[in-house]
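A short write-up of the structure that comes next.
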Amino acid sequence: MGFFSRLRKGLEKTKSSLIQNIETVVRGYAQIDDEMYEDLEAVMLTGDIGVETTEYLLDKIHEGVKKKEIKEGNDVVPYLEKCIVALLQENNTPMAERTGTTEVIFIVGVNGVGKTTTIGKLAKYYKEHGKSVMMAAGDTFRAAAAEQLTIWAERTGVPIVKHQEGADAAAVVYDATASANAHHIDVLLVDTAGRLQTKSNLMEELRKMARIAGKNIAGAPHETLLVLDATTGQNAVSQAKLFGEVVPLTGAVLTKLDGTAKGGVIISVKRELGVPVRWVGVGEGADDLRPFDAAQFADALFDRNVETREQENE
């Protein structure tokens, strides 16, 4: 099964709880009125879109009606799809390709969202695309974090820099960036602690790690990606906002999109956090994390261009 098929299958619950309910609502109205807007609002909120993003999408539908792009209920869903794609593509420039220097990527997120697994999958993806990769076990706070990352390093065949539990995370970053620089590594993936409950300590630790990374490699960290568990819905958005206060984020990774009815959280993350969704995961397999494509996501969610998309992704 190709990735698009897995994405489409993974979004089935979201589609049935959100898109199909929206389609049911709009089909019942011959003309657009306040009652339809109220019904749409209820469907979006129960579909875990969130209050702010629901208001944004309803405002967009109002605009569509004023511009005569929406004339009847059946016009709502195609228009909504267009708005969602535009939102997800907004400022969504690809991660810059760096040559001649190591690209340092910090991976942040609360414990339990799948940071370690995400790092392993990213390592596999980059290696398969011709990049040399190194890992840094920067989460020195959580017991067994380095051991778990080591398993992924061995599984993917990439080197790892780690210190003993409780060591200074910035020291790990210093050694890792120095080693990556010396060995001309293309991508350095840095794990970080996820104890958001001690926000001030975490902020200072991340700042120190970033400062140290920049000493060995200019401009590091070049990306700071927040890992979010899609199954937590609006809790993921709350986490994103909190981390956004702690550290400048350049993108988000949505894991566990398969089997959740809350896939619409991608829309909320983009709308409320303002950073691009960089990667999405639709399973436990090492190949189930891929770069996020807004049009592909919309095609899978709205059941568009199925055959064409599958051929493109094979």
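In UniProt numbering, the protein residues as written are 1 to 314.
Where a beta carbon is used, it is the ideal one built from N, C-alpha and C, also for glycine.
So, using beta-carbon positions, are residue i and residue j closer together than 8 Å?
i, j, result
"Gln296", "Phe4", "yes"
"Val43", "Ile61", "no"
"Ala137", "Val172", "yes"
"residue 316", "Gly264", "The chain is shown only over 1 to 314; residue 316 falls outside these bounds and no answer can be derived."
"Val161", "Asp175", "yes"
"Leu40", "Val51", "no"
"Glu223", "Thr250", "yes"
"Ala294", "Gln89", "yes"
"Thr102", "Asn181", "yes"
"Ala240", "Leu226", "yes"
"Asp258", "Gly10", "yes"
"Ile267", "Ile105", "no"
"Ala300", "Leu7", "yes"
"Phe292", "Ile19", "no"
"Ala230", "Thr260", "yes"
Pick out whichever of the options has its Cα sitting closest to the Cα of residue i.
i, options, result
"Val253", "Ala210, Ser179, Thr102, Ile119", "Ile119"
"Phe141", "Val133, Gly157, Ala300, Asp168", "Asp168"
"Asn91", "Leu301, Pro276, Asp303", "Pro276"
"Glu245", "Ile84, Lys215, Leu301, Val108", "Val108"
"Glu72", "Ile105, Tyr37, Glu52", "Tyr37"
"Ala143", "Gly130, Arg195, Ala178", "Arg195"
"Thr177", "Met135, Leu11, Ala145, Thr156", "Met135"
"Ala286", "Lys215, Lys256, Ser268, Lys124", "Lys124"
"Leu57", "Arg290, Glu12, Lys270", "Lys270"
"Pro159", "Ser132, Gly166, Asp48, Asp303", "Ser132"
"Ser16", "Leu289, Lys262, Glu81", "Lys262"
"Asp34", "Thr156, Phe243, Asp59", "Asp59"
"Lys127", "Gly166, Ala210, Arg290, Gly157", "Gly157"
"Leu289", "Ala298, Gly47, Thr255, Glu55", "Thr255"
"Lys215", "Ser238, Phe243, Ala170, Thr232", "Ala170"
"His183", "Ile217, Arg211, Gly166, Ala210", "Ile217"
"Gly130", "Gly47, Ile185, Glu12", "Ile185"
"Ala220", "Pro248, Phe243, Ile49", "Pro248"
"Asp48", "Leu242, Phe243, Ser238, Gln31", "Ser238"
"Gly166", "Ala193, Gln148, Ser179", "Ala193"
"residue 336", "Thr53, Pro78, Ala146, Glu63", "Residue 336 cannot be examined here, being either before or after the span of the chain that is shown, 1 to 314."
"Glu55", "Gln31, Asn74, Leu80, Asp75", "Leu80"
"Gln31", "Thr46, Lys82, Glu12, Asp75", "Asp75"
"Glu63", "Lys82, Thr46, Leu45", "Lys82"
Counting along the chain, where does the alpha helix (DSSP H) carrying residue i start and finish?
i, result
"Glu52", "51 to 66"
"Ala42", "34 to 46"
"Lys9", "3 to 10"
"Leu301", "294 to 302"
Ends of the beta strand (DSSP E) at residue i?
i, result
"Leu273", "Segment 265 to 273 is the alpha helix (DSSP H) holding Leu273; no beta strand (DSSP E) there."
"Pro291", "289 to 291"
"Phe106", "103 to 108"
"Gly28", "Careful: Gly28 lies outside any beta strand (DSSP E) and carries neither H nor E."
"Val85", "From DSSP, Val85 is part of no beta strand (DSSP E) but of the alpha helix (DSSP H) over 76 to 89."
"Gly281", "277 to 281"
At a cut-off of 7 Å, is residue i close to the ligand PLP when judged by its beta-carbon and the heavy atoms of the ligand?
i, result
"Leu87", "Within the structure as shown, the ligand PLP is missing, as the structure has no ligands at all."
Query raised in the report: How about the region 114 to 124 and the region 197 to 215: do they share at least three Cβ pairs that are nearer than 8 Å?
Result: The region 114 to 124 is not in contact with the region 197 to 215.
Query raised in the report: Taking contact to mean at least 3 C-beta pairs separated by less than 8 Å, is the region 151 to 166 in contact with the region 205 to 214?
Result: Touching, no.
Query - Segment contact flag, the region 272 to 291 with the region 61 to 76, C-beta cutoff 8 Å, min 3 pairs - result: When Cβ pairs closer than 8 Å are counted between the two stretches, the region 272 to 291 is seen not to touch the region 61 to 76, the count staying below three.
Query raised in the report: If we count Cβ pairs, one from each stretch, closer than 8 Å, do we get three or more for the region 119 to 128 versus the region 177 to 197?
Result: Yes: at least three Cβ pairs fall under 8 Å.
Query raised in the report: What are the complete beta strand (DSSP E) segments, minimum 3 residues, inside the UniProt domain "AAA+ ATPase" (101 to 252)?
Result: Taking 3 residues as the shortest admissible run, the UniProt domain "AAA+ ATPase" (101 to 252) contains the following complete beta strand (DSSP E) segments, listed from N- to C-terminal end: 103 to 108, 133 to 136, 187 to 191, 223 to 229.
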